[in-house]
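Student: With the sequence shown counted from 1, adding 39 to any position gets you the numbering used here.
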Amino acid sequence: MFCNGFLNRIGRAIAVFAMLVSLLLGDVLLFPSVALAKPGFLPQLGTVDNLLPEWEEELDPFDRNGDPDNVGREFRPDVAIENCFWKMTLSADPYHNSFYPDAQTAYPIALFSLPEGSHVEVTGEFPHARSMTFSSYFYDPDSATLVGGDHQILDYEIEPDEGSKNPFINGGDRTAENRSYTMKWIPENLPTFQQRFAKAFPKLAEKLQQIPENSPDFKTEIAEVLPKLVGQLPRIPESLPDFEELFTEAFPKQAEKLQLEPNTLYIGEEEFPKMGYLVAMRIYVPDRGTNMLGGPELPEAKIILENGSVVEGDTLCEEEYSQFKGDLSSVYPTPAFDPVAYRKERDRTEWYNQDRPNTWPAQDPPYIIREWTAKYNFCANFELGPDNASDCPDPVDPDIGSGGFINSTTSYLVTWMDRDLGEVLVLRGKKPKTPETYFNNPTFDESDAEMRYFSWVTDESLARSQVIDSVFDEEMPVDENGYYTIVVSRPSYRPKKARYECGYAWLEFPAAGDGFGDMWLGEIRNRWQLPLNDFPYAPQNIPGPGQEAEVMGEYYPTGEYYRTPEDFDRNFECKLQPAS
């Protein structure tokens, strides 16, 4: 079995090499197709089976009347995406395509150093977009990913400047002209509830501190030290985090003293080595016709020194304020993100002694799991597999903090896919309701929404973390029961019916496969951002691995492979619905 499986894996690389040699020698006949395909599996390129339907030109294209078949591929006006403070903007090609942005997102990354006693002041404009967040990540040398905490401010939490409006408030005016904000970033850890409580109510806090923070008898002990306070609470709490919630509910006026300073982002007490402090700004789905940042330019940043003087503009490029020189290799020192370790794990010979097919880690049907931590998911999906996932690292490892650069509002479902299992992968599930914003909707309405944002993305492996293609909620047509159907294939294998007008969304399978020599292997992920209105089926509510389907119900996606595009077209109806 080792010989068969291992040679199949190596055979893929040989086939790719043969194709490249063939092209270099000018031999561009059908030999590459024959070498890369199984007999009877590849239809002749250029035949009628691979042409777009004859009725395509009769339907409304996306850029006129709202058919989202080409969203994210439309022309966007140019805008500066980096400067001395914002070192890069992660996004789809041709920009910094890394760390899995959607094709409809932009992640400006601030990397900077601060002299003692200084802080950052940021001024900007709310974008014309679906969402905007600011996330800071705290350095922790004992963490597997060097990240040991974070703080995030969501768009609707940001107070606008005087005379301006925040368009992300439910019912807000998305067309508002005055939309500026000002933020303060300070080099401190996020203050805990206990710290804020102690500062606001020192006498009560003195008694509260008599109770160990993780006391198993907290319920009894708090009643002894604070009997009058407990008597006014709606119920006796079981734990300290509950106490914060209950105190806020019982004493709303007093609880106002415990709130964080508005528009204040805590960026941690210590810088990342050779990088500085790290803050990511996330912008999802800029409106049609705007630039990749949703209209405005990058926010303007100033460093306010302890003596009140200001450092800004090109001065922020000086080494005192800018240690980062372009190397992100130390951020993820794990096999999941290290190219050498990834290839070693992918091609481990002992795997094939365990009767693993050359399609591993892709399975049929796809094994779809919530993303917990980089180490756990690489182990459960790739290294040991789902049958031995209980032997993988703790999926909620306290030493990992935020689990890398995952932000607190977003959760992912991920799986591997392989073309040897079928050239067409079909994914189905119920689509959560989301606000509609892309077509310059005048009002921000999330009154009946279930998630702020929802998308499917095809990727290369974690070792490259590049996004290839994506579709987001407004691009996904649904059937009469609210179910979407995603079709994944190479362009030459795209079924004729795999079109928005027929009721299906299409995603391109990565041309380079995993990006490290296996052109049949790829990854796909499903992004869920910010549950709304107590939506119970979001992956954020999954307590542990293996409970995805139970918690998500009909929103949990399932997958099925089809050998050829013709197989899909025979099994799926085209409703030929014009764009709405």
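Beta carbons: idealized from backbone N, C-alpha and C, even for Gly. In this text the structure is predicted, and so the values were computed from the model without any measurement.
Out of 115, 228, 203 and 147, which has the shortest C-alpha to C-alpha gap to residue 340?
Tutor: As a first step, residue 340 is located in the sequence shown; it is residue number 301 there, counting from the start. Of the listed residues, the one whose Cα sits closest to residue 340 is 147.
Student: Under the three-state reduction of DSSP, which class applies to residue 532: helix, strand or coil?
Tutor: In the sequence shown, residue 532 corresponds to position 493, counting from 1. In the structure shown, residue 532 sits in a helix (DSSP, three-state: H, G or I).
Student: With 16 other CB atoms within 10 Å as the buried threshold, where does residue 525 fall?
Tutor: As a position in the sequence shown, residue 525 is number 486, starting the count at 1. Result: buried.
Student: Please return the same chain residues whose Cβ sits closer than 6 Å to the Cβ of residue 319, not counting the five positions on each side in sequence.
Tutor: Locating residue 319 in the sequence shown gives position 280, where the first residue counts as 1. Closer than 6 Å at Cβ, skipping near neighbours: 146, 148 and 174.
Student: Within the present structure, is the beta-carbon of residue 448 separated from the nearest heavy atom of the ligand MN by less than 7 Å?
Tutor: Annotation note on the ligand MN: not contained in the displayed structure, which lists no ligands.
Student: Of all the options 292, 211 and 536, which has the alpha carbon lying nearest to the alpha carbon of residue 465?
Tutor: For the purposes of this step, residue 465 is taken as residue 426 along the sequence shown, with counting starting at 1. Minimum Cα distance to residue 465 is reached at 536.
Student: Looking at C-beta atoms only, is the number of pairs between the region 496–505 and the region 553–568 that lie closer than 8 Å three or more?
Tutor: Yes: at least three Cβ pairs fall under 8 Å.
Student: Alpha carbon to alpha carbon, how far is residue 500 from residue 509? Give it in angstroms, no decimals.
Tutor: On the sequence shown, residue 509 is found 470 positions in, with the first residue counted as 1. On the sequence shown, residue 500 is found 461 positions in, with the first residue counted as 1. Whole-angstrom Cα-Cα distance: 15 Å.
Student: Enumerate in chain order the residues of its own chain whose CB-to-CB distance from residue 235 is below 6 Å, with the five nearest sequence positions on each side excluded.
Tutor: For the purposes of this step, residue 235 is taken as residue 196 along the sequence shown, with counting starting at 1. Within the same chain, residue 235 has close Cβ partners 297.
Student: By a C-beta neighbour count over all protein chains shown, 10 Å radius and 16 as the cutoff for buried, is residue 491 buried or exposed?
Tutor: Walking along the sequence shown from the start, residue 491 turns up at place 452. By the 10 Å Cβ count, residue 491 comes out buried.
Student: Using the rule of at least 16 other Cβ atoms within 10 Å of the residue's Cβ for burial, across every protein chain shown, is residue 208 buried or exposed?
Tutor: The residue given as residue 208 occupies position 169 in the sequence shown. It counts as exposed.
Student: Have a look at residue 97 and residue 541 and give me their C-alpha separation to the nearest angstrom.
Tutor: Taking the sequence shown and counting its residues from 1, one reaches residue 97 at position 58. Taking the sequence shown and counting its residues from 1, one reaches residue 541 at position 502. Note that residue 97 scores a pLDDT of 41, beneath 50, so its modelled location is shaky and nothing firm can be said.
Student: What span of residues does the alpha helix (DSSP H) with residue 609 cover, start to end?
Tutor: Numbered from 1 along the sequence shown, position 570 holds the residue referred to as residue 609. That run of the alpha helix (DSSP H) goes 604–610.
Student: Helix, strand or coil: how does DSSP classify residue 430 here?
Tutor: Stepping through the sequence shown from its first residue, residue 430 is reached at position 391. Correct three-state label for residue 430: helix.
Student: Would you check if the distance between the CB atom of residue 166 and the CB atom of residue 425 is smaller than 8 Å?
Tutor: One-based indexing of the sequence shown puts residue 166 at position 127. One-based indexing of the sequence shown puts residue 425 at position 386. Cβ atoms of residue 166 and residue 425: not closer than 8 Å.
Student: Thinking just about the alpha-carbon of each residue, which of 574, 330, 306 and 396 is nearest to the one in residue 120?
Tutor: Counted from its first residue, the sequence shown places residue 120 at position 81. The candidate whose alpha carbon is nearest that of residue 120 is 330.
Student: For residue 187 and residue 378, I'd like the C-alpha separation in whole angstroms.
Tutor: Mapped onto the sequence shown, residue 187 falls at position 148. Mapped onto the sequence shown, residue 378 falls at position 339. Rounded to the nearest angstrom, the two C-alpha atoms are 24 Å apart.
Student: Whose C-beta lies closer than 7 Å to the C-beta of residue 122 among residues of the same chain, with five residues either side of it excluded?
Tutor: Numbered from its first residue, the sequence shown carries residue 122 at position 83. 337, listed in sequence order.
Student: Measuring CA to CA, which of 598, 412, 463 and 471 is closest to residue 432?
Tutor: Within the sequence shown, residue 432 is the residue found at index 393, counting from 1. Of the listed residues, the one whose Cα sits closest to residue 432 is 412.
Student: Go to residue 379, then tell me how far its beta strand (DSSP E) extends in each direction, as first and last residue.
Tutor: On the sequence shown, residue 379 is found 340 positions in, with the first residue counted as 1. Where residue 379 is concerned, there is no enclosing beta strand (DSSP E), although the alpha helix (DSSP H) it sits in stretches over 378–385.
Student: Would the beta-carbon of residue 305 fall within 8 Å of that of residue 151?
Tutor: Here residue 305 refers to the residue found at position 266 of the sequence shown. Here residue 151 refers to the residue found at position 112 of the sequence shown. Cβ atoms of residue 305 and residue 151: not closer than 8 Å.
Student: From residue 385 to residue 574, what does the alpha carbon distance come to, in whole angstroms?
Tutor: As a first step, residue 385 must be located in the sequence shown, where it is residue number 346. As a first step, residue 574 must be located in the sequence shown, where it is residue number 535. The alpha-carbon atoms of residue 385 and residue 574 are separated by roughly 38 Å.
Student: Taking only three categories from DSSP, how would you classify residue 573?
Tutor: By 1-based counting over the sequence shown, the position of residue 573 is 534. Coil.
Student: Indicate whether residue 532 and residue 463 have their beta-carbon atoms separated by less than 8 Å.
Tutor: The residue labelled residue 532 in the question sits at position 493 within the sequence shown. The residue labelled residue 463 in the question sits at position 424 within the sequence shown. The answer is yes: Cβ separation under 8 Å.
Student: Distance, Cα to Cα, residue 314 vs residue 449?
Tutor: For the purposes of this step, residue 314 is identified with residue 275 of the sequence shown, where counting begins at 1. For the purposes of this step, residue 449 is identified with residue 410 of the sequence shown, where counting begins at 1. So the two alpha carbons sit approximately 25 Å from each other.
Student: If distances are taken between C-alpha atoms only, which option among 228, 578 and 511 comes closest to residue 546?
Tutor: As a first step, residue 546 is located in the sequence shown; it is residue number 507 there, counting from the start. For the residues 228, 578 and 511, the minimum Cα distance to residue 546 belongs to 511.
Student: Could you check whether the Cβ of residue 146 sits closer than 8 Å to any Cβ belonging to chain B?
Tutor: Among the chains of the structure shown, chain B does not appear; only one protein chain is present.
Student: Which whole-angstrom value is the C-beta distance of residue 549 and residue 419, which I expect to be below 8 Å?
Tutor: Residue mapping note: residue 549 aligns to position 510 of the sequence shown, counting from 1. Residue mapping note: residue 419 aligns to position 380 of the sequence shown, counting from 1. About 21 Å; that fails the 8 Å criterion.
Student: Across which residues does DSSP place residue 188 in a beta bridge pair?
Tutor: To locate residue 188, count along the sequence shown from 1; it is residue 149. 177.
Student: Check whether the region 153–160 and the region 221–228 are in contact - that is, three or more C-beta pairs closer than 8 Å.
Tutor: With a cut-off of 8 Å, the region 221–228 and the region 153–160 count as touching, because enough Cβ pairs lie within range.
Student: CA-CA distance, residue 610 and residue 604?
Tutor: Indexing the sequence shown from 1 puts residue 610 at position 571. Indexing the sequence shown from 1 puts residue 604 at position 565. Each residue's Cα considered, the two are about 10 Å apart.
Student: DSSP three-state call for residue 565: helix, strand or coil?
Tutor: As a first step, residue 565 must be located in the sequence shown, where it is residue number 526. Here residue 565 sits in strand by DSSP.
Student: State the Cα-Cα distance for the pair residue 196 and residue 606, rounded to the nearest angstrom.
Tutor: Your numbering for residue 196 matches position 157 in the sequence shown. Your numbering for residue 606 matches position 567 in the sequence shown. About 49 Å.
Student: Can you check which of these residues, 202, 185, 181 and 117, is closest to residue 164 by C-alpha distance?
Tutor: Within the sequence shown, numbered from 1, the residue matching residue 164 stands at position 125. Here the closest residue by C-alpha is 202.
Student: Since residue 323 and residue 170 are thought to touch, with beta carbons under 8 Å apart, how far apart are those beta carbons, to the nearest angstrom?
Tutor: Taking the sequence shown and counting its residues from 1, the one referred to as residue 323 is at position 284. Taking the sequence shown and counting its residues from 1, the one referred to as residue 170 is at position 131. With 8 Å as the limit, residue 323 and residue 170 qualify as a contact, their Cβ atoms being about 5 Å apart.
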